[in-house]
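Novice: Under my numbering, the first residue of the sequence shown is numbered 722, with each subsequent residue one higher. Even glycine gets a Cβ: it sits at the ideal position worked out from N, Cα and C. Source: prediction; values computed, not measured.
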Amino acid sequence: MEQNLRLVFDQDIGQDKRLGITKVPLIELEGETWKEMELRPLPSLYMLKIKDKKDRETLTIKVYI
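(1) In three-state DSSP terms, what is E753?
(2) Of the choices K744, E759 and K772, whose alpha-carbon is the least far from that of T781?
(3) Give me the Cα-Cα distance between I748 and W755, rounded to the nearest whole angstrom.
(4) How would you write the range of the beta strand (DSSP E) that T781 sits in, first residue to last?
(5) Check this for me: beta carbons of E757 and K783, under 8 Å apart or not?
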């Protein structure tokens, strides 16, 4: 099994802000297999009151269960 950890930083190290939040749909995962997922971070899980709806790009993760 390959184990990798990738750290991601923005340009102004030391002044980090949370870039967003996302959910990983566990129902799509199968046991003992790798699954690559593309997720779109949101400013909050509760989007009704959020005014900041700017694009936060796409986050690609690889999950093993």
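Specialist: On the basis of the data shown:
(1) coil
(2) E759
(3) 14 Å
(4) L780 to Y785
(5) yes
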